[in-house]
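Read the structure below first, then the notes.
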Amino acid sequence: MRKKRIAMLLLEVMLLVGFAFPVLALADDIRVYVDNSEVIFWDQKPVLNADNRILVPIRYVSQALGGEVKWFGESQRVEIKYGEQKMWLTVGENFAWWNGEKKDFDTTTIIMNNRVMIPLRFVSECLGAYVYWNGAKREVFITKDYLQQHGLKGAYF
C-alpha cells in the first residue's frame with residue numbers, strides 16, 4: 024500500500040511539473056530558407072513554442088536578410104539596423120520598436136543557449152521579406168524578391 028501511495032505521489036508531481044512550464048519543442052526538422060539558401064543554425068535550432076510560433080535566433084535570420092545585429096547585455100536589448108531603419112526589442116517582451124513605432128507580436132522573446140529567440144515571421148516581415156510556410160514539408164521560405172521570383176499576378180492596368 025505504501026509503495027502504491029509513493030508511486031501515485033511521484034506521478035502527481037511529474038504531471039504538475041510537466042504542466043507548470045511552457046512547452047518548447049525543438050523544431051530541428053523545420054528548415055528555413057532565405058532567398059533559396061538554407062539558413063544553418065549552428066548552436067541553437069529553431070523551436071516551436073507553446074503559442075505555436077517558430078522562434079529562431081535573431082542574429083541568423085536578421086543577418087541573412089541584410090540586417091546588422093547588436094546585443095546590449097546589461098539591458099537585455101537587441102538592436103537591428105537595416106539600412107536607415109532600426110528595430111529595438113527587449114528579451115521577455117512581446118513587442119518591438121520599429122523606426123519609433125511599437126509593433127506587437129503574439130508571443131514573447133526568450134533566451135535559449137545564449138541566443139535571443141524571436142518569432143520568425145515577425146522579424147522577417149519587419150525587414151521587408153515575404154514569408155511562406157509549407158506545412159506539409161515543414162519548410163519556411165523567406166524572400167525579399169517575391170515579385171521578381173513569382174511575378175505579379177492579376178489584372179494589368
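This note's numbering puts the first residue of the sequence shown at 24, with every later residue one more than the last. Just so you know, even glycine gets a beta-carbon here, dropped at the ideal spot from N, CA and C.
- At a Cβ-Cβ threshold of 9 Å, T166 and V57 count as neighbours.
- R144: member of the alpha helix (DSSP H) spanning L143 to C149, first to last residue.
- Nearest neighbour of P142 by Cα position, chosen from D129, A152, N136 and L150, turns out to be D129.
- Put simply, the stretch 140-154 touches the stretch 65-83. At least three CB pairs are less than 8 Å apart.
- In the same chain as V62, and ignoring 5 residues on each side of it, the C-beta atoms closer than 6 Å to its own belong to V55, Y83 and A87, in chain order.
- Nearest neighbour of G96 by Cα position, chosen from N75, R161, K26 and V114, turns out to be V114.
- Q67 is not bridged by DSSP to any residue.
- In the three-state reduction of the DSSP assignment, R76 falls in the coil class, being assigned neither a helical nor a strand state.
- An exposed status is given to S98, since fewer than 16 other beta-carbon atoms sit within 10 Å of its beta-carbon.
- Residue state for V114 is assigned as coil, using DSSP reduced to three classes.
- M135 and K27 have their alpha carbons spaced roughly 38 Å apart.
- The continuous beta strand (DSSP E) containing I165 extends over residues E162 to T166.
- Residue burial annotation: G106 is exposed, with fewer than 16 other C-beta atoms found within 10 angstroms of its C-beta.
- The beta carbon of F145 sits closer than 8 Å to those of A119, K126 and F128, all from its chain and outside the five residues before and after it, given in chain order.
- Distance from the Cα of W65 is smallest, within the candidate group A73, E148, K109 and I81, for I81.
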